[in-house]
Every structure is written in C-alpha cells, then in structure tokens.
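Enquirer: Mapping of the sequence shown onto the numbering used here: position 147 corresponds to residue 670, and the numbering continues sequentially without gaps.
The structure under discussion is supplied below as structure tokens; questions concerning it will follow.
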Amino acid sequence: MNKYQIKPYLAFLFLCFAYGTSSALVVIIRQKVHPMILSSLRMFFGFLFSIIIFLYKVHKNDKYLSRVRQSIKNGSTDFTKGILCGIFNYGFPYSLIAISQRSVATIAVQISQPFVPIFSLIGGHILSIEKCSAQKFFYQFISVVGTTISSIPTFLHTEKNKSSCITDYFLLLISTVSFGFGAVFLKYFQSKADQTLLCVFQLLGAFLYSTFYGVFSLGLKQFTSNLRNIECDSLFEIVVLGVFYTCLTSHCVVYTMKKLGLVAANYTNVGQIIIGIIIGVTFLGEWNEFSAFDVFLSIAGLIVLFISIVFGMKNETNKIDENENNILL
524 MNKYQIKPYL AFLFLCFAYG TSSALVVIIR QKVHPMILSS LRMFFGFLFS IIIFLYKVHK
584 NDKYLSRVRQ SIKNGSTDFT KGILCGIFNY GFPYSLIAIS QRSVATIAVQ ISQPFVPIFS
644 LIGGHILSIE KCSAQKFFYQ FISVVGTTIS SIPTFLHTEK NKSSCITDYF LLLISTVSFG
704 FGAVFLKYFQ SKADQTLLCV FQLLGAFLYS TFYGVFSLGL KQFTSNLRNI ECDSLFEIVV
764 LGVFYTCLTS HCVVYTMKKL GLVAANYTNV GQIIIGIIIG VTFLGEWNEF SAFDVFLSIA
824 GLIVLFISIV FGMKNETNKI DENENNILL
C-alpha cells in the first residue's frame with residue numbers, strides 16, 4: 524500500500540468514529556428538540572457548510588470553477604441526480620427512522636445497520652457495479668451476527684418491555700433499503716461527479732425533503748413554533764451535528780466510495796457499531812449493570828464485528844491491489 528492509499532482508510536476511520544458517536548449526540552438533542560425540526564436544521568447547517576467549502580475551493584483555485592462548469596456541462600455532475608442522492612441517502616431514511624423510533628427499540632436500529640451494506644451489495648450486483656460473491660456475502664453476514672450478539676444484553680436490560688408496532692419495523696426496513704440502494708444510486712449515476720459540488724446538491728436535497736416532510740407532518744404553525752423555541756445550547760449542538768457529522772461525513776463517504784469501492788466503504792456501518800459500544804461503555808456506563816455473562820456476550824459480539832471488518836476490508840484491498848497491478852501491466 525503506497526502513501527496515496529492511506530488517506531481513504533483514514534477517511535474510513537473518521538466515518539466509523541463520526542457515525543459511532545453521532546447517535547449519542549442525537550439522543551441528547553432529541554430530548555430538547557422535536558425530531559423533525561432536528562432533521563431539518565441538521566441538513567440545513569450541513570448544506571450551508573458545504574457551500575462554504577465549495578466557495579473556499581473556488582477562491583483558492585482559479586481553475587476549479589472552470590472544471591466544475593465542465594463537469595456540469597458533460598453531465599458528470601448532475602443537479603437532479605445529486606438532489607435524489609441526498610433524498611435517498613439522508614432525507615428519506617432519516618425521516619423514516621424518526622417515525623419508527625416512536626415504538627421501535629433503539630437497539631433494533633443499531634442491529635439494522637449491518638444490513639445496509641448487504642442491500643448495497645445486492646444493488647451493486649444487479650447494476651454490475653461490484654459483483655457479489657459468496658465470500659463478500661459471508662463477511663457481511665457475520666457482521667450481522669456480531670451486531671446481534673453484542674446487542675442482546677442491551678436489549679434485555681433497557682428495552683425488553685417496549686411495545687412495538689409492526690408498521691414501524693417496516694419503516695425501519697425501508698430506511699435500511701434506502702441507505703443501501705442510495706449508495707448504489709450515487710455510485711452508478713454520479714461516480715465521476717465533482718465531490719464538493721455533489722455534496723452541495725446532496726445536502727440541498729436532504730434539507731428540502733426534511734423541511735417539507737417536517738412541515739407536512741407537524742403543520743406550518745407548529746413547525747415554526749418549534750423552531751422559535753429552540754434554545755441556544757441546543758442550536759449549537761445541532762450546528763455541530765450538521766457541520767461535523769453531516770457535511771464532513773458526506774464528503775468522506777463520496778471520497779471513500781471512489782477510492783475503496785462501494786462494498787468497502789459500507790463497512791463503516793459495521794465500524795460505527797464498535798465505536799458506539801466503546802463510547803457507551805467508556806462515557807455512559809452501559810455495562811455497569813451487566814452480569815459477567817452479558818459482558819462476555821458483548822465482547823464476543825465486538826470480536827466478531829472486528830473480524831468481519833478486518834477480513835472483509837482485506838478482501839476488498841486485495842482486489843484494489845490486483846486492479847492496480849493489472850493497470851500497470
């Protein structure tokens with residue numbers, strides 16, 4: 524691996540950390556801000572910061588704007604498809620998750636994450652972006668097993684008595700499919716797009732969808748009323764969520780997908796679970812009431828998750844190296 528291949532893996536680690544820690548921040552904000560308002564403002568600040576990044580690149584590089592214009596002219600970067608990418612990857616699934624969590628256990632949302640790369644794997648195979656194989660599917664499957672094992676103690680201790688609606692589980696399933704196929708849509712239609720401008724279009728689409736959906740669900744009067752009642756500390760937390768956990772991650776997702784491929788990039792959905800569990804244990808004391816057997820199950824699940832990432836990523840890395848060698852030959 525040469526030095527130019529290190530950056531994508533650093534971006535991968537950043538995504539695992541960001542996704543793994545964002546859930547804790549979202550939980551804190553949701554206690555003070557309505558989920559629909561949170562989703563809309565999160566996407567707004569993400570979109571706003573993506574524009575700032577774009578303008579900075581235009582200011583710093585005189586040739587960048589001409590390249591962007593050429594990219595739009597030849598169709599490599601498409602406004603409509605970029606908007607749709609934002610809806611499929613951010614606006615639509617996040618809105619469904621917000622609804623489903625009225626009855627669905629939070630741990631179920633966590634367990635659903637490893638299914639995202641499985642749906643991406645299926646979609647990528649159908650569109651011949653990246654062929655599915657028994658080996659690839661096996662590594663994805665054991666990540667599901669690891670997540671389930673590590674989640675059992677949390678489910679038994681916190682949410683075993685929570686009544687759930689089958690409709691909300693169906694909405695969670697649809698959101699998972701949207702995340703998975705949204706990545707395929709991006710890879711298939713916008714693989715050669717300008718990364719910065721594509722992120723601007725994506726987050727614009729996510730913001731518009733989240734806002735329209737919030738107004739539709741709450742009504743314009745209640746939506747604006749909730750906006751006015753947001754406290755300064757909550758607003759600051761949403762800005763952090765929008766800038767760090769939405770805008771910067773959207774750039775890293777596009778970059779990682781281009782450099783490592785669709786399957787490898789989606790392993791961040793597995794990595795975030797490991798980070799989330801570590802954060803929960805270290806700062807939230809989630810294992811304080813666990814029995815020795817509960818801790819054993821959690822650790823066993825973490826080990827299985829780690830194995831799925833290491834061997835799954837190694838499998839994808841070997842293919843990247845093979846492709847590079849074929850190009851050189």
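For every residue, glycine included, the Cβ atom is placed at its ideal position computed from N, Cα and C.
This one's a predicted model, so the numbers in the text were calculated from it and none came from an experiment.
Please determine, among K659, I576, V738 and T769, the residue with the shortest C-alpha to C-alpha distance to K837.
Expert: K659
Enquirer: For a test of the three-state rule: what should DSSP assign to Q718, helix, strand or coil?
Expert: helix
Enquirer: Got a sec, what are the start and stop residues for the alpha helix (DSSP H) P640 sits in?
Expert: F638 to I649
Enquirer: For the structure I just gave you, are there three or more beta carbon pairs, one from the region 573-588 and one from the region 693-712, closer than 8 Å?
Expert: no
Enquirer: In whole angstroms, what separates the C-alpha of F834 from that of L750?
Expert: 46 Å
Enquirer: So, under 8 Å CB-CB, P637 and T670 are touching, yes? Tell me the CB distance rounded to an integer number of Å.
Expert: 5 Å
Enquirer: Report the three-state DSSP secondary structure of R625 (helix, strand or coil).
Expert: When DSSP states are grouped into helix, strand and coil, R625 belongs to the coil group.
Enquirer: What residue range does the alpha helix (DSSP H) around V556 cover?
Expert: Note, V556: premise wrong, no alpha helix (DSSP H); not H, not E.
Enquirer: In the structure shown, what three-state DSSP assignment does T755 receive?
Expert: Here the sequence assigns Cys to residue 755, which means Thr is not the residue at that position. Here C755 sits in helix by DSSP.
Enquirer: When you compare each of V723, D691, I665 and Y613 to A631 by their alpha carbons, which one comes out closest?
Expert: D691
Enquirer: Can you list, in chain order, the residues of its chain with a C-beta nearer than 6 Å to that of F746? Leave out the 5 residues immediately preceding and following it.
Expert: G737 and V738
Enquirer: Going along the chain, which residues of its own chain have a beta-carbon closer than 6 Å to the beta-carbon of A815, five neighbours each way excluded?
Expert: Excluding residues within five positions, none has a Cβ falling inside 6 Å.
Enquirer: Enumerate in chain order the residues of its own chain whose CB-to-CB distance from G742 is below 6 Å, with the five nearest sequence positions on each side excluded.
Expert: none
Enquirer: From the DSSP output, in three-state form, read off C608 for me.
Expert: The answer is helix: DSSP assigns C608 an H, G or I state.
Enquirer: Considering only their Cβ atoms, is the gap separating H648 from T719 smaller than 9 Å?
Expert: Result no, Cβ atoms of T719 and H648 do not sit closer than 9 Å.
Enquirer: Considering only residues of the same chain and omitting the five flanking positions on each side of P531, which have a CB-CB separation below 8 Å?
Expert: Y778, T779, K782 and L783
Enquirer: Distance, Cα to Cα, G799 vs L721?
Expert: CA-CA distance, G799 to L721, rounds to 28 Å.
Enquirer: Got a sec, what are the start and stop residues for the alpha helix (DSSP H) I697 sits in?
Expert: Start and end: I689 to F712.
Enquirer: For L727 and F661, what's the separation of their Cα atoms in angstroms?
Expert: 36 Å
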